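Note sheet for the following structure.
Residue numbers (UniProt numbering): 1 to 274.
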């Protein structure tokens, strides 16, 4: 490679589309982050999707993106888009590449909690050796937190502040969980304890899934990783060290850029630890 090249990674989620634009310079072992953007999925397809024959292509000019040298996509909608000169890769691969790049770790268990699904991936020596995904139930996803925050009339940011003295919520279904939360409000429990209870239910549903995944380090990604209370409770519940990449919500899109660069041997980036 001579000079430099721009790489665009797109994570086509069911609720949001994450875009990462990165620059690779000759002789440098880090990609330079140029732009991160998240768009509502419906808006993305409506405003930037263009029908071309039997395929849907993305209008990158309308998105304000420059001509790129490499274009990689992943996620829920990766097979519905024809990207000129692009490549579609599996979600799990993109998330593993993103986590390795962002943390510099090669041995860890990746916990990705997104808008409507969750993924747990075991990584050893930089390779995926086992995984578990759940897209059937929203009770351990960002959508669940959004709905519960709405019921409590608090922002997602405020919800993420509460981890102490959680009210016990036993419903394993997101729909019944909302009804149970309303019942607890009627009983007069403080908002702080109710919010902590909501955060604790996320962890309660993840812990059984982690039992078959050994290791001392959990890399926590996805939009839910912005909830500090969930991270704290996850660390307490597992007894493992939690590492949160600098851009947890864009991990898949960044992993696409790593794939486009053709090189996964990068130095560690800055991480946030609980």
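For each residue, glycine too, the CB sits at the ideal point set by N, CA and C. A quick note: this is a predicted structure, and the numbers were derived from the prediction, not measured.
In the DSSP secondary-structure assignment, residue 72 is bridged to 9 and 87. Apart from the 5 residues on each side of it in sequence, residue 117 sits with its Cβ closer than 7 Å to the Cβ of 133, 134, 135 and 141 in its chain, given in chain order.
Per DSSP, residue 163 lies in no beta strand (DSSP E) segment and is marked neither H nor E.
The Cβ atoms of residue 173 and residue 7 lie no closer than 8 Å to each other. Per DSSP, the continuous beta strand (DSSP E) segment holding residue 38 begins and ends at 32–40.
DSSP, reduced to helix, strand and coil, places residue 155 outside both helices and strands of the structure shown, so it counts as coil. Rounded to the nearest whole angstrom, the CA to CA distance from residue 230 to residue 120 is 16 Å. The DSSP-derived three-state label of residue 105 is coil. Following the DSSP letters along the chain, one finds residue 125 in no beta strand (DSSP E), marked with neither H nor E. Burial state of residue 91 is buried, judged by a 10 Å Cβ sphere holding 16 or more other Cβ atoms. Residue 214 is positioned such that its CB atom lies no closer than 8 Å to that of residue 162.
Beta-carbon to beta-carbon, residue 75 and residue 13 are separated by about 5 Å, close enough to satisfy the 8 Å threshold. Uninterrupted beta strand (DSSP E) stretches at least 3 residues long and entirely within the segment 215–250 occur at 217–221 and 241–245, given in chain order. Residue 106 and residue 53 have their alpha carbons spaced roughly 43 Å apart. Around the beta carbon of residue 207, fewer than 16 other beta carbons lie within 10 angstroms, which makes this residue exposed. In this structure, 30 is the residue among 30, 19 and 18 with its C-alpha nearest to the C-alpha of residue 5. DSSP places residue 15 in no alpha helix (DSSP H); its state is neither H nor E.
For residue 141, the secondary structure class from DSSP, reduced to helix, strand or coil, is coil. Separation of residue 226 and residue 248 (C-alpha to C-alpha, rounded to the nearest whole angstrom) is 8 Å.
Secondary structure of residue 97 (DSSP, three-state): helix.
Linking residue 188 to residue 145 through their CA atoms gives a straight-line distance of about 21 Å. Within the model, the alpha-carbon separation for residue 168 versus residue 191 is close to 13 Å. With respect to the C-alpha of residue 159, the residue from 185, 193 and 32 having the closest C-alpha is 193. Under the three-state reduction of DSSP output, residue 56 falls in the strand class. By the CB criterion at 8 Å, residue 244 and residue 234 fall outside the cutoff. At least 8 Å separates the beta-carbon of residue 38 from that of residue 51. Collapsing the DSSP output to three states places residue 131 in a strand.
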